[in-house]
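Protein chains: 2
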Amino acid sequence: MSLVLDAAAQDLLFREARTANTFTDEPVTDEQVQAIYDLVKYGPTAFNQTPLRVVLVRSEEARERLVSHMAEGNQAKTRTAPLVAILATDNEFHEELPNLLPHFPQAKDMFFSERPVREQAGGVNAALQAAYFIIGVRAAGLAAGPMTGFDFAGVQKEFLDEDHSPLMVINIGKPGEDAWFPRLPRLAYDEVVTTV
Amino acid sequence: MSLVLDAAAQDLLFREARTANTFTDEPVTDEQVQAIYDLVKYGPTAFNQTPLRVVLVRSEEARERLVSHMAEGNQAKTRTAPLVAILATDNEFHEELPNLLPHFPQAKDMFFSERPVREQAGGVNAALQAAYFIIGVRAAGLAAGPMTGFDFAGVQKEFLDEDHSPLMVINIGKPGEDAWFPRLPRLAYDEVVTTV
Chain A
1 MSLVLDAAAQ DLLFREARTA NTFTDEPVTD EQVQAIYDLV KYGPTAFNQT
51 PLRVVLVRSE EARERLVSHM AEGNQAKTRT APLVAILATD NEFHEELPNL
101 LPHFPQAKDM FFSERPVREQ AGGVNAALQA AYFIIGVRAA GLAAGPMTGF
151 DFAGVQKEFL DEDHSPLMVI NIGKPGEDAW FPRLPRLAYD EVVTTV
Chain B
1 MSLVLDAAAQ DLLFREARTA NTFTDEPVTD EQVQAIYDLV KYGPTAFNQT
51 PLRVVLVRSE EARERLVSHM AEGNQAKTRT APLVAILATD NEFHEELPNL
101 LPHFPQAKDM FFSERPVREQ AGGVNAALQA AYFIIGVRAA GLAAGPMTGF
151 DFAGVQKEFL DEDHSPLMVI NIGKPGEDAW FPRLPRLAYD EVVTTV
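Chains as they are written, first to last, in my numbering: chain A, 1 to 196; chain B, 1 to 196.
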């Protein structure tokens, strides 16, 4: 084996982990979310910009508002998942750079003074962090159901502000009955990796 | 503890893993890269689009061409890392969708007929896969040094084509002497996570 990570962890995070479409009633606690964050916050981002922000949708009222913006095929599972989180990009992440990159606070103005640059960089780096977050959900023994099938403008207006762009919505919980479809194919190594 | 993943795996993938700036001479083999891919290929993407493509820069000639496009501060480590990989987005990923999403081949034309839509979705989902790849490098007991400080147009022209956009360049290997700077701060949970 070329991997150092033990086989059980490989299975937990990648091989047996699946995108869940149904969930049990078991709650997902704030302590679990904090443990997930405290693990995955260390995942690297460019300039340590860490632009990901998370909104946990806990109240029934907020849940119904969110469901109304989801694509029809995502509504039932978004309504019934133990926890739903909105992942978003903070397009004003540069304001935190002097704290996050204390040896090079000039980065804030040298590289990120323009909003379109921040939106581009923030989007990529928040997506990296979204992937770390999905891995973290699995590390907590939970299943993640990430979704991009929703009205982005509607979710932004209802739950965020003009400085925060929705990235995805994730259902989180223990997988329920018939939680997943058969595993979809993946590209072969030679279709993805070339050498020069 | 709220996490199921064992502590050694947490350390390997997140807590003790660091972005490396120096490396030992120990080679990174194709077998290791294949093992990494065969693990992280299972990470989820929207519509299973898996748009990430990887170019391994193995020849001395290609390495020098790549170094010439790196920002000055990234040149020395890009020159000396055991392996350098260019991660890119395939903006024509939709051509593979009938194979990757066999129960819904219409997705190719229903959602991804327009190039700007593909560039947007492909960029986000390739970034998710780049994060899985970084985790995979660490799962192989190696350190990753992801970099976005390079001439994107130059790297695209030299190593890719107009259908593939560079996402990042990653140095890969065993960490060398003084491989990393002190750990940078992270945002506190309450600065990142809110509840509604």
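A virtual CB, placed ideally from N, CA and C, is assigned to each residue, including glycine.
* Could you tell me whether the Cβ of Asn48/A comes closer than 7 angstroms to any Cβ of chain B? => yes
* To do: Grab me the residues of Gly136/A's own chain with a C-beta within less than 6 angstroms of its C-beta, minus the 5 sequence neighbours each way, in chain order.
  => Ile36, Leu39, Val40
* **6 angstroms Cβ shell around Phe93/A - same chain, five flanking residues per side excluded** => Gln49, Pro51, Gly122
* **7 angstroms Cβ cutoff met for Ala139/B and Ile170/B** => no
* To do: Using three-state DSSP, classify Val55/A as helix, strand or coil.
  => strand
* CA-CA distance, Phe47/B and Glu119/B? -> 15 angstroms
* Chain-ordered chain A contacts of Asp6/B [CB-CB under 8 angstroms] -> Asp6, Ala8, Ala9
* Asked: Of all the CB atoms in chain A, is at least one closer than 7 angstroms to the CB of Phe104/B?
  -> no
* Counterpart residues of Tyr164/B in DSSP-defined beta bridges -> Note that residue 164/B corresponds to His in the displayed sequence, not to Tyr. DSSP output for His164/B lists Asp90/B as bridge partner(s).
* **Coil, strand or helix - Phe133/B by DSSP** => helix
* Pair within 7 angstroms by beta-carbon distance, Gly154/A and Val28/A -> no
* Asked: Exposed or buried, what is Arg183/A when buried is set at 16 or more other beta-carbons lying within 10 Å of its beta-carbon?
  -> exposed
* For Phe152/A, which of Ser165/A, Leu142/A, Arg58/A, Leu100/A has the nearest alpha-carbon? -> Ser165/A
* **Contact set between Gly141/A and chain B, taken where Cβ atoms lie within less than 7 angstroms** => Val4
* Asked: Got a sec? Which residues, its chain only, sit under 6 angstroms from Gln156/B by beta carbon, not counting five neighbours each side?
  -> Pro166
* Asked: Given Met168/A, which residues of its chain have a CB within under 7 angstroms of its CB, disregarding the five upstream and five downstream residues?
  -> Leu87, Ala130, Pro146, Met147, Thr148
* Pick helix, strand or coil for Phe152/B, following the three-state DSSP scheme. => helix
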